[in-house]
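Trainee: Input: one structure, supplied below.
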Amino acid sequence: MSQGDVTVEKLLTAAVGAVGGTERPGQVEMAEAVGESVAEGRHLLVQAGTGTGKSLAYLVPSLLHADASDGPVIVATATLALQAQLVDRDLPALAKAAEPLLGRPPKWATLKGRANYACLHRVRDGAPDDQGELVPVEQLSAGPLGVEVLRAREWAEEQAGTGGTGDRDRLEPGVSDRAWSQISVSSRECLGATRCPYGQECFAEVARARSDGADVVVTNHALLAIDALEGLPVLPDHDVVVVDEAHELAARVTSIATADLWPGVIDRAAMRSRAHVDDGDAEELRAAGEHLRAALLDAPVGRLDTVPEGLLAALAGVRDAARAVQSGFAGSSREERAADVEASRRAAKTMIDDVYGTAERMVANGEHDVLWVEERERTGRSLRVAPLSVAGLLRERLFGQNTVIATSATLELGGSFDAAAGAFGLMGEGAPGWHSLDVGSPFDYGKQAILYVARDLPSPGRDGLRPEAVDVLVELMAAAGGRTLGLFSSRRAAQEAAEAVRKRLPDLPVLCQGDDVVATLLRTFAADEKTCLFGTLSLWQGVDVPGGACQLVVIDRIPFPRPDEPLSSARQRAVEKAGGNGFMSVAATHAALLLAQGAGRLIRRSTDRGVVAVLDPRLVTARYGSYLRASLPPMWFTADKTVVSGALQRLAVPLS
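Quick note on this note's numbering: the sequence shown kicks off at 58 and runs consecutively.
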């Protein structure tokens, strides 16, 4: 593919040079494949291992397409780390390399949902309390929440004064969701640039303006899902989408399409509405919420194949009461209200709309939704509803409207792209055409890494950590001299392991998820080679600690979803009802993806060496074990603990 005299390979070479690197194995192959797919309008699923340089491999043909079509390419990622890499390193280097070749400076922008940006109206004029009244931020209590909000507010003002983005992801250290909600608004709560007294400074509006005319717009999976699934024009017009970290896409879209309802949120919605609607209607909604509370106490926790009559009646009561409150918002015209009143009104109406929409969806309990009761420590019982599958939505509204390049280091599971393609809606009759490519990895896994499976251990129980597994864990960590990332299937197992190792290996510092924020734990882990880090799901993906600090990755058990997990169990049953193998299609695929991601924490650079130790014998003894192992990097395999301990001891001794 080329644009004039500028070819993909020529621009890629220049861009790689601009970041101070050299072209890597598979990088040119991937770039050419992306260029061809974009030119042909055919979807591409491409697996590119860590270290391939895949971001430049898709950015180069994307920029050439944008230059030729006079429209942007959308790049969506799942993590802040990758977004920062694209915006702070890769795109500036690419622009520098491309300007003399294209004859103009390329432009790029970052765009996220409005709630990701601080709202200056909230920052300066206050946030609504439980009654919907705006309270100046300075009047918040001096408790932990107030401290967080005040710090976020000061940061937002600094951003406004220095031309910053106001993007939540740039606030370090971060704040809780509850604190951030005090200085941000959703798109439905926003007054609009013309109505808001701070519209000309608005961070979200400035970000949107920057995206107009950009060649590449970097966003997240959440905004991509909103743009595609809700039909809201939140992204600039485009015809090509690159989805990086694409193994996360279906889960992120599912999260966006999931809703929950509990008495506390109904009560707050009713209280905030009192200032804007008939007090009787608001009281009816509050009473309906109390009826729902009682009905939830009588309902079983877990998936609801059939909604109990009492619960169904309570949901219908909430829906009808919320609809009555909605009608009460059709009062005076917007122009007749002051900005602070309008802000309070919009916040209240947004809550009411959410309550009504969720209750109506739950009452319908359609065949394509899964409904369940969940017990929460802080809010008590709540109802949740999620789509049984998002494949059809993705097929119709993302892959059906754009040419999509989906890439990740873990798209090929069990030696096939079929699982990923199925999650995207690309399998079955009427599915759009696609092709796949695995460009491999620049790493020599057979020489750099050992896969050890503790074959002689008993199979794991449902929860906690087996004493025999602790013995193996301690022996391996002692041989490694620390340098261990422990990936556990539950918080309880991680905590038990941390306590056991601290007692038996007191010279090794052991951090455990929950001791501090993850970012701080990771910095401490990376800074000291003796320090070890144990944690759960958030550490299985995205952790990048190259070098001697991480030479042993321990996985306590195959990460199957819990048998009673409502959504995965419903999906398994649906596959079986259609004549398929629910366990392999859902549970084994889920486990294969997480195993591949977890094992990928070990080798991050060509100089890394180490061991992935799986303390679950089923990886080699069960019939599905070969499928799971085929999803892992091609590491040298052994079940001999003595061999592994010796290798770890040799790695722990620095070269003279």
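Ideal Cβ placement from N, Cα and C applies to all residues, glycine included.
Need the endpoints of the beta strand (DSSP E) that Trp-693 sits in, please.
Mentor: Residues 693–695.
Trainee: When the distance is taken between beta carbons, is Arg-225 closer than 9 Å to Asn-277?
Mentor: Contact: no.
Trainee: Below 7 Å CB to CB, which residues in the same chain sit around Ala-7 once its five sequence neighbours on both sides are set aside?
Mentor: Lying outside 58 to 713, the shown extent of the chain, residue 7 is not represented and no answer is given.
Trainee: Would you kindly check if the distance between the Cβ of Val-574 and the Cβ of Val-567 is under 9 Å?
Mentor: For Val-567 and Val-574, no; Cβs fall outside 9 Å.
Trainee: So what does DSSP say about Gly-472, is it helix, strand or coil?
Mentor: Gly-472 falls in the coil class under three-state DSSP.
Trainee: Leaving out five residues before and five after Ala-282 in sequence, what residues of the same chain have Cβ atoms less than 7 Å from its Cβ?
Mentor: Taken in chain order, the residues that qualify are Arg-309, Val-310 and Ile-313.
Trainee: Considering only the alpha carbon of each residue, which of Ala-378, Gly-423 and Gly-321 lies closest to Ile-353?
Mentor: Checking the displayed sequence, the identity of residue 353 turns out to be Leu instead of Ile. Among Ala-378, Gly-423 and Gly-321, the Cα nearest to that of Leu-353 is on Gly-321.
Trainee: Among Ala-123, Leu-177, Pro-499 and Arg-161, which one has its Cα closest to the Cα of Gly-83?
Mentor: Answer by Cα proximity: Pro-499.
Trainee: State the start and end residues of the unbroken alpha helix (DSSP H) segment that holds His-278.
Mentor: 278–286 is the extent of the alpha helix (DSSP H) around His-278.
Trainee: Quick one: using the 10 Å Cβ neighbour count with 16 as the cut-off for buried, is His-100 buried or exposed?
Mentor: Classification for His-100: buried.
Trainee: Would you please state the rounded distance, in angstroms, between the beta carbons of Ala-670 and Leu-445? I believe it to be under 8 Å.
Mentor: The pair is not a contact, with the Cβ atoms about 36 Å apart (cut-off 8 Å).
Trainee: What do you get for Glu-305, buried or exposed, if any count of 16 or more other CB atoms within 10 angstroms of its CB means buried?
Mentor: Glu-305 is buried by the Cβ-count criterion.
Trainee: For a cutoff of 9 Å on Cβ pairs, would you count Leu-468 as touching chain B?
Mentor: Checking the listed chains, one finds no chain B in this structure; it contains a single protein chain.
Trainee: What are the uninterrupted segments assigned as alpha helix (DSSP H) that are 4 or more residues long and contained completely in the segment 173–254, given in chain order?
Mentor: DSSP runs (the alpha helix (DSSP H)) wholly in the segment 173–254: 177–182, 201–219 and 234–238.
Trainee: Leaving out the 5 sequence neighbours to the left and right, which residues in its chain are closer than 6 Å to Gln-706 when beta-carbon positions are compared?
Mentor: Once the five neighbours on either side are set aside, the close Cβ partners of Gln-706 are Ala-536.
Trainee: Taking the alpha helix (DSSP H) that Val-47 belongs to, which residues open and close that run?
Mentor: Nothing in the structure corresponds to residue 47, since the chain is present only between 58 and 713.
Trainee: Using a Cβ-Cβ cut-off of 7 Å (strictly less than) and excluding sequence neighbours within five positions of Met-419, which residues of its own chain qualify?
Mentor: So the list reads Leu-318, Leu-372, Leu-428, Leu-440 and Val-442, once near-sequence residues are dropped.
Trainee: Of the choices Leu-565, Asp-528 and Leu-522, whose alpha-carbon is the least far from that of Phe-785?
Mentor: An answer regarding residue 785 cannot be provided, because it is not within the stretch 58 to 713 covered by the chain.
Trainee: In its own chain, which residues sit with a C-beta less than 6 Å from the C-beta of Gly-74, not counting the 5 before and 5 after it?
Mentor: Taken in chain order, the list of residues that qualify is empty.
Trainee: Nearest by alpha-carbon distance to Val-206: which of Leu-228, Thr-222 and Asp-697 is it?
Mentor: It is Leu-228.
Trainee: Over what stretch of residues does the beta strand (DSSP E) that includes Thr-460 continue unbroken?
Mentor: Element bounds for Thr-460: 460–465.
Trainee: Rounding to the nearest angstrom, what Cα-Cα distance links Val-529 and Thr-678 in this structure?
Mentor: Distance between the alpha carbons of Val-529 and Thr-678: 18 Å.
Trainee: If I follow the unbroken beta strand (DSSP E) through Arg-438, where does it start and stop?
Mentor: Its beta strand (DSSP E) spans residues 437–444.
Trainee: Gly-592 by DSSP, collapsed to three states: which one?
Mentor: Gly-592: strand per DSSP, three-state reduction.
Trainee: Return the residue from the list Ser-465, Asn-638, Leu-609 and Lys-67 that minimises the CA-CA distance to Gly-110.
Mentor: Checking every option, the nearest Cα to that of Gly-110 belongs to Ser-465.
Trainee: If you reduce the DSSP assignment to three classes, tell me which class Ile-313 lands in.
Mentor: Helix.
Trainee: What is the rounded straight-line gap between the Cα of Ala-71 and the Cα of Asp-697?
Mentor: Taking the straight line joining both Cα atoms gives about 47 Å.
Trainee: State buried or exposed for Phe-474, treating a residue as buried only when at least 16 other CB atoms are found within 10 Å of its CB.
Mentor: Phe-474 should be labelled buried.
Trainee: Helix, strand or coil for Ala-75? Go by DSSP, reduced to three states.
Mentor: Looking at Ala-75 - three-state DSSP - the assignment turns out to be helix.
Trainee: Please look up how many angstroms separate the CB atoms of Pro-162 and Glu-156, rounded, as I've assumed it's under 8 Å.
Mentor: Indeed they touch by this definition, with Cβ atoms about 5 Å apart.
Trainee: For Arg-614, count the other beta carbons within 10 Å of its own beta carbon; 16 or more makes it buried, fewer makes it exposed. Which is it?
Mentor: Buried, because 16 or more other Cβ atoms sit within 10 Å of the Cβ of Arg-614.
Trainee: Would you list the residues sitting across from Arg-433 in a DSSP beta bridge?
Mentor: Per DSSP, Gly-437.
Trainee: Does the segment 657–669 touch the segment 107–124, meaning 3 or more C-beta pairs lie closer than 8 Å?
Mentor: Judged by Cβ distances under 8 Å, the segment 107–124 makes contact with the segment 657–669, as three or more pairs qualify.
Trainee: Taking the alpha-carbon positions, what's the Gly-604 to Ala-141 distance?
Mentor: Distance between the alpha carbons of Gly-604 and Ala-141: 22 Å.
Trainee: Take every Cβ of the segment 206–225, pair it with every Cβ of the segment 408–427, and state whether three or more of those distances are shorter than 8 Å.
Mentor: No: fewer than three Cβ pairs fall under 8 Å.
Trainee: Take Gly-703 as the anchor and find which of Leu-689, Met-641 and Leu-533 has the nearest alpha-carbon.
Mentor: With distances taken between Cα atoms, Gly-703 lies closest to Leu-533.
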